[in-house]
Amino acid sequence: MASRNILQLLVMFAIATSAFATLSSTRYYNKVCPKALPTIKAIVKEAVKNETRMAASLLRLHFHDCFVQGCDGSILLDSTATMVSEKEALPNKNSARGFEVIDKIKAKVDEVCGRPVVSCADILAVAARDSVVLLGGSSWDVRLGRKDSTIANATLALFNLPNASLELPSLLQKFEQQGLNAKDLVVLSGGHTLGVSQCRFFRPRIYNDTNINRSYAKKLQGSCPQTVGDGDTNLEDLDSTAKKFDVAYFKDILKNKALLHSDQVLVNNRSTASYVKSYSNDRKAFFNAFGKSMIKMGNIGVLTDDQGEVRSSCRIVNSK
Ligand code: HEM
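And the structure:
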């Protein structure tokens with residue numbers, strides 16, 4: 000009986016400490032590797048110069064990392080004989096991208112630091128911030144010290160990551176599950192101010208939805224045929240200024256010109272609609288809120304101290 004009580008206490012302690020794991024300051028790597036953050040920034044800059052869209056892809060990678068067992072770099076792990084990669088899960092497969100850029104950052108950072116001290120999870124968080132800043136957003140402080148997981152969970156990726164056909168209550172629920180509220184949902188959906196979507200994700204919207212501007216739908220139908228399988232991977236911009244971090248995304252929603260169903264439904268209730276309206280004409284408020292919500296998202300389920308590890312390769316767990 001006594002040993003069962005001790006076991007229960009230990010389990011409770013483990014849960015409590017993991018729930019309270021907090022990140023260290025933005026200066027976490029300053030002593031051990033002062034060149035770490037400038038190196039990440041330089042490689043992100045180079046990658047975005049090569050292809051503007053990469054900024055969007057890197058921002059999304061951090062989001063897809065954080066929503067699956069926390070911001071622990073789990074999305075970066077490749078499949079093994081005993082583990083299915085999150086990359087194989089429906090929301091990521093042939094969709095999540097930027098893995099080669101993360102590999103390049105990791106290799107260079109480890110080289111300048113002289114050994115692997117910067118976690119893949121931290122690289123994702125910093126690269127997301129640097130990407131937003133490069134395309135015109137304002138910066139936020141990324142607290143550091145995330146450790147990398149030793150497991151991935153493709154099933155959880157399927158359940159936790161929202162898809163574009165969801166209605167507002169389900170979107171709210173998926174965010175609430177992560178400790179994020181209605182405001183965070185609207186603000187972070189504002190990430191769709193950057194980047195593109197494949198036809199297969201917005202096809203139902205442009206043929207079936209009624210809350211879509213008619214001429215906008217018609218235009219999109221030109222590049223995204225109704226038949227499933229035709230033009231599935233054709234790309235369209237997520238907002239009218241997809242290479243610029245701005246408030247056009249919110250203005251577009253108010254004109255019924257959101258590309259994704261999940262974006263348009265943000266005006267379906269009074270509370271979320273009021274955020275959409277206020278950000279549509281207040282760039283400063285949106286930028287400010289975006290940083291705050293990104294910090295909140297970046298704190299989800301982080302591993303710190305002796306939890307997890309700093310991987311040598313972001314694709315593979317360290318060997319024992
Ligand atoms: C609210 C629920 C969300 C849904 C349903 C959703 C869904 C999607 C879908 C379907 C795509 C297109 C993927 C493709 O074509 O391969 C996409 C792209 C994107 N998403 Fe989301 N997303 C959501 C939230 C977010 C959040 C919170 C962020 C970041 C803070 C984000 C950032 C992005 C970016 C930047 C892209 C463009 C990626 C690129 O061009 O490579 N999304 N999203």
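Taking numbering that gives the first Met the number 0, I'd label the letters of the sequence shown as residues 0 to 319. Each residue gets a CB set at the ideal place from its N, CA and C atoms; glycine is no exception. These figures come from a predicted structure and were not determined experimentally.
Residues of its chain near residue i, where Cβ-Cβ distance is below 6 Å and the 5 sequence neighbours each way are ignored
i, result
"residue 69", "299, 300, 301"
"residue 306", "146"
"residue 56", "96, 97"
"residue 138", "132"
"residue 121", "143, 145"
"residue 236", "195"
"residue 111", "34, 38"
"residue 231", "198, 199"
"residue 51", "242"
"residue 225", "206"
"residue 290", "139"
"residue 216", "205"
"residue 172", "none"
Residues near residue i by beta carbon distance below 7 Å, same chain, minus five either side
i, result
"residue 25", "140, 141, 142, 143"
"residue 257", "251, 263"
"residue 254", "212"
"residue 53", "46, 47, 97, 100"
"residue 267", "167"
"residue 22", "142, 143, 144, 145, 298, 301, 303"
"residue 192", "238, 244, 245, 247, 248"
"residue 156", "67, 85, 88, 90, 91"
"residue 107", "38, 42"
"residue 148", "68, 71, 72, 73, 302, 307"
"residue 78", "84, 87"
"residue 58", "127, 130, 131, 190, 193"
Cβ-based neighbour list, residue i, same chain, cut-off 8 Å, excluding 5 preceding and 5 following
i, result
"residue 234", "195, 196, 197, 198"
"residue 311", "109, 115, 317"
"residue 10", "With a pLDDT of 40 at residue 10, under the threshold of 50, the modelled position of this residue cannot be trusted; read the value that follows with caution. Closer than 8 Å at the Cβ level, and outside the excluded window around residue 10, lies no residue."
"residue 104", "38, 39, 42, 43, 122, 126"
"residue 203", "164, 260"
"residue 223", "198, 201, 202, 205, 230, 233, 235"
Expected contact under 8 Å - CB spacing of residue i and residue j to nearest Å
i, j, result
"residue 118", "residue 178", "Wrong, their Cβ atoms sit about 21 Å apart, outside the cutoff."
"residue 159", "residue 67", "5 Å"
"residue 76", "residue 151", "4 Å"
"residue 153", "residue 84", "6 Å"
"residue 295", "residue 183", "6 Å"
"residue 28", "residue 35", "4 Å"
"residue 186", "residue 271", "Their Cβ separation, rounded to whole angstroms, is 10 Å, which puts residue 186 and residue 271 out of contact at 8 Å."
"residue 188", "residue 265", "6 Å"
"residue 161", "residue 261", "6 Å"
"residue 134", "residue 30", "Not really, about 31 Å apart at Cβ, beyond 8 Å."
DSSP bridge partner residues for residue i (one or two, in chain order)
i, result
"residue 85", "Answer is none; residue 85 lacks a bridge partner."
"residue 302", "146"
"residue 308", "147"
"residue 23", "143"
"residue 315", "312"
Within-9 Å CB hit, residue i to chain B
i, result
"residue 148", "Protein chains in the displayed structure number just one, and chain B is not present."
beta-carbon residue i near ligand 2 non-hydrogen atom, thresh 8 Å
i, result
"residue 33", "Among the ligands present in this structure, namely ligand 1, ligand 2 is not found."
For this session: Indicate whether the contact test is met: 3 or more Cβ pairs, each with one atom in the region 274 to 287 and one in the region 238 to 252, closer than 8 Å.
Result: The way I'd put it, the region 274 to 287 does touch the region 238 to 252; three or more beta-carbon pairs between them come closer than 8 Å.
Exercise. For the 8 Å Cβ check, are there 3 or more pairs between the region 87 to 104 and the region 46 to 57?
Worked result: Remark: three or more beta-carbon pairs, one from each stretch, lie closer than 8 Å, so the region 87 to 104 and the region 46 to 57 are flagged as touching.
Problem set entry | Secondary structure, beta strand (DSSP E): runs of 3+ residues fully inside the region 190 to 251 | List check, beta strand (DSSP E) in window: 195 to 197, 234 to 236.
For this session: Would you mind listing the alpha helix (DSSP H) stretches within the region 158 to 185 that are 4+ residues and don't spill past its ends, in chain order?
Result: Listed in chain order, they are 167 to 175.
For this session: At 3 residues or longer, and completely inside the region 245 to 288: list those beta strand (DSSP E) runs for me, N to C.
Result: Within the region 245 to 288, no complete beta strand (DSSP E) run reaches 3 residues.
Problem set entry | Start-end ranges of the alpha helix (DSSP H) lying completely within the region 85 to 121, minimum 4 residues | When DSSP assignments are scanned along the region 85 to 121, the uninterrupted stretches of alpha helix (DSSP H) that are 4 or more residues long and fall wholly within it turn out to be 98 to 112.
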